[in-house]
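Enquirer:
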Amino acid sequence: MAFKSGAVALLGKPNTGKSTLTNLLVGQKVTIVSNKPQTTRTRVRGIITEPDYQLVLVDTPGLHDAHTELQKLMNRTAEGAMGDVDLVLVVVDCSRLPDKEDETLATLINRGWKYPYAEENPGFSGVILCLNKMDKLKAEDVNDHVEAYCKLFKTEHYMMTCFTKKQNHEKLVDLILQFLPEGEAVFPEDMVTDVPMRSLAAELIREKTLEATRQEVPHSIAVFVDQWEEEDDKLIIHASIIVEKDGQKAIIIGKQGAMIKQIGSKARPLIEEMLERHIFLNLHVKVRPEWRQSPRMLHELEYL
Ligand SMILES: Nc1nc2c(ncn2[C@@H]2O[C@H](COP(=O)(O)OP(=O)(O)OP(=O)(O)O)[C@@H](O)[C@H]2O)c(=O)[nH]1
Ligand SMILES: [Mg+2]
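Its first residue numbered 3, the sequence shown is counted upward by one per residue in the working numbering.
1. Roughly how far, in whole angstroms, is the beta-carbon of residue 303 from the beta-carbon of residue 71, given that I think they are within contact range, below 8 Å?
2. Please specify which runs of the beta strand (DSSP E), each continuous and at least 3 residues long, are wholly inside the region 146 to 189, giving them in chain order.
3. Determine the extent of the beta strand (DSSP E) in which residue 7 is found, giving its start and end residues.
4. Please state if the CB of residue 32 and the CB of residue 194 are separated by a distance shorter than 7 Å.
5. Report yes if the C-beta distance between residue 149 and residue 4 is below 7 Å; otherwise report no.
6. Near residue 55, which residues of its chain fall below 8 Å by C-beta distance, leaving aside the five closest residues on each side in sequence?
7. Can you tell me which of the three DSSP states residue 228 falls into?
8. Given residue 207, which residues of its chain have a CB within under 6 Å of its CB, disregarding the five upstream and five downstream residues?
9. What's the call for residue 203, buried or exposed, on a 16-neighbour Cβ count within 10 Å?
10. Excluding the 5 residues flanking residue 99 on each side, which residues of the same chain have their C-beta closer than 7 Å to its C-beta?
11. At the level of alpha carbons, what is the spacing between residue 27 and residue 186?
12. Do residue 263 and residue 289 have their C-beta atoms within less than 7 Å of each other?
13. With distances taken between CB atoms, is the gap from residue 59 to residue 12 smaller than 7 Å?
14. According to DSSP, is residue 249 part of a helix, a strand, or is it coil?
15. DSSP on residue 66, reduced to helix/strand/coil?
16. On the DSSP letters alone, give me the boundaries of the beta strand (DSSP E) that residue 95 sits inside.
17. Taking 8 Å as the limit between beta carbons, can you name the residues of its chain near residue 158, skipping five residues before and five after?
18. For residue 215, does the three-state DSSP call read helix, strand or coil?
19. Is residue 156 buried or exposed, if buried means 16 or more other CB atoms sit within 10 Å of its CB?
20. Beta-carbon separation of residue 313 and residue 191 under 7 Å?
21. What distance in whole Å lies between the Cβ atoms of residue 138 and residue 65, which are believed to be in contact at a cut-off of 8 Å?
22. Report yes if the C-beta distance between residue 163 and residue 132 is below 7 Å; otherwise report no.
23. State the Cα-Cα distance for the pair residue 260 and residue 17, rounded to the nearest angstrom.
24. Mind checking whether the beta-carbon of residue 264 lies closer than 6 Å to any heavy atom of ligand 1?
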């Protein structure tokens, strides 16, 4: 079989498992995951290179009703991912029937997606459906839910999966490969992502901060690496956790600094594993009111 090479945009509502899938297939953490919706904020490429194919997964922010400038930007980022890919993979939570947000997503794909190989594959829209979270799907709902999603996203090509239990992700890859074009690898074989280490370190700190916080706090958090310096054979990383209010700062610092210490001690081993070396991690908390509405801050945080 000829070598296949192509990119697939992962689109869906927030919290459906797009980033979990990306990490599972890449085999390491390149994009952060949490049980809070709207975790992913930027486009993240996860690159999988095997002897007979190179598959680039483009993880995107979950599409949602946008209110802040950050949210609008996130939706634009997700929509923009359709621009330069060979296939679209829609990831849904199949334990629920499609709702209004799914309809909005379907409209958006119909409007913004043009399958580049339509002539070679008549009758195929270029959209594959990933019905994830099948562990939560009741047996009596299977037929109705499969039918509803296939109808809405106008495709017959779907796979039911459960990423947390590692079920059917390989079959999903086989399905994607059926439609991936032949071609040369675009990225070096040892490259797993296009996200710079410094940004990934900031994201890992954000992931641990998301795990530690609730309600509106997770959405108000951003992380910025202030310093990344070698000193006597040691890598010293200073990072700021940005929040919007003094009260949020107090929550993140915690009683006598207990919370921020916990965040640091969970993030550090992940960053060390990624960099394959010991680091010294120093975390600070800064208040930047309304940063999610500020183009300057969004630019500084590399969301813009
Ligand atoms: N029950 C169940 N949970 C899952 C499954 N796949 C992922 N999850 C969980 O769903 C939550 C969201 O996963 P993410 O991968 O962050 O979802 P996402 O689609 O990237 O979300 P956004 O970045 O917010 O758009 C996490 O708590 C995952 O552990 C699954 O198959 N079953
Ligand atoms: Mg995500």
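Where a beta carbon is used, it is the ideal one built from N, C-alpha and C, also for glycine.
Expert: Judging by the given coordinates:
1. Position 301 of the sequence shown, counted from the first residue, corresponds to residue 303. Position 69 of the sequence shown, counted from the first residue, corresponds to residue 71. That belief does not hold up - the Cβ atoms of residue 303 and residue 71 are roughly 12 Å apart, past 8 Å.
2. 160 to 162
3. Start at 1 with the first residue of the sequence shown, and residue 7 comes out as number 5. Unbroken beta strand (DSSP E) run through residue 7: 6 to 13.
4. Start at 1 with the first residue of the sequence shown, and residue 194 comes out as number 192. Start at 1 with the first residue of the sequence shown, and residue 32 comes out as number 30. For residue 194 and residue 32, yes; Cβs fall inside 7 Å.
5. Walking along the sequence shown from the start, residue 149 turns up at place 147. Walking along the sequence shown from the start, residue 4 turns up at place 2. Cβ atoms of residue 149 and residue 4: not closer than 7 Å.
6. Position 53 of the sequence shown, counted from the start, is the residue given in the question as residue 55. Result list for residue 55: 5, 6, 7, 179 and 182, in chain order.
7. Counting from one through the sequence shown, the residue named residue 228 turns up at place 226. Strand at residue 228.
8. Here residue 207 refers to the residue found at position 205 when the sequence shown is read from its first residue. These residues qualify, in order along the chain: 225, 241 and 269.
9. Stepping through the sequence shown from its first residue, residue 203 is reached at position 201. Result: buried.
10. Counting from 1 along the sequence shown, the entry for residue 99 is found at position 97. Counting only Cβ-Cβ distances below 7 Å, and skipping sequence neighbours, we find 147 and 150.
11. Position 25 of the sequence shown, counted from the first residue, corresponds to residue 27. Position 184 of the sequence shown, counted from the first residue, corresponds to residue 186. Answer to the nearest angstrom: the Cα atoms are 20 Å apart.
12. In the sequence shown, the residue the question calls residue 263 occupies position 261. In the sequence shown, the residue the question calls residue 289 occupies position 287. Not closer than 7 Å, so no.
13. Translated into positions along the sequence shown, residue 59 becomes position 57. Translated into positions along the sequence shown, residue 12 becomes position 10. Cβ atoms of residue 59 and residue 12: closer than 7 Å.
14. As a working mapping, residue 249 is identified with position 247 in the sequence shown. Residue 249: helix per DSSP, three-state reduction.
15. One-based indexing of the sequence shown puts residue 66 at position 64. Correct three-state label for residue 66: coil.
16. Sequence index remark: in the sequence shown, residue 95 carries index 93 (1-based). Unbroken beta strand (DSSP E) run through residue 95: 89 to 95.
17. Walking along the sequence shown from the start, residue 158 turns up at place 156. Excluding residues within five positions, the ones whose Cβ falls inside 8 Å are 152.
18. Along the sequence shown, read from residue 1 onward, the residue named residue 215 stands at position 213. Coil, per DSSP.
19. The count along the sequence shown starts at 1 and reaches residue 156 at position 154. Exposed: under 16 other Cβ atoms inside 10 Å.
20. Examination of residue 313 is not possible in this model, given that the chain is present from 3 through 306 alone.
21. To locate residue 65, count along the sequence shown from 1; it is residue 63. To locate residue 138, count along the sequence shown from 1; it is residue 136. Between residue 138 and residue 65 the Cβ distance is about 21 Å, and since that is not below 8 Å, they are no contact.
22. Taking the sequence shown and counting its residues from 1, one reaches residue 163 at position 161. Taking the sequence shown and counting its residues from 1, one reaches residue 132 at position 130. Yes.
23. Along the sequence shown, one-based indexing puts residue 260 at 258. Along the sequence shown, one-based indexing puts residue 17 at 15. When rounded, the distance between both Cα atoms is 28 Å.
24. Looking up residue 264 in the sequence shown gives position 262. False, no ligand heavy atom lies under 6 Å from that Cβ.
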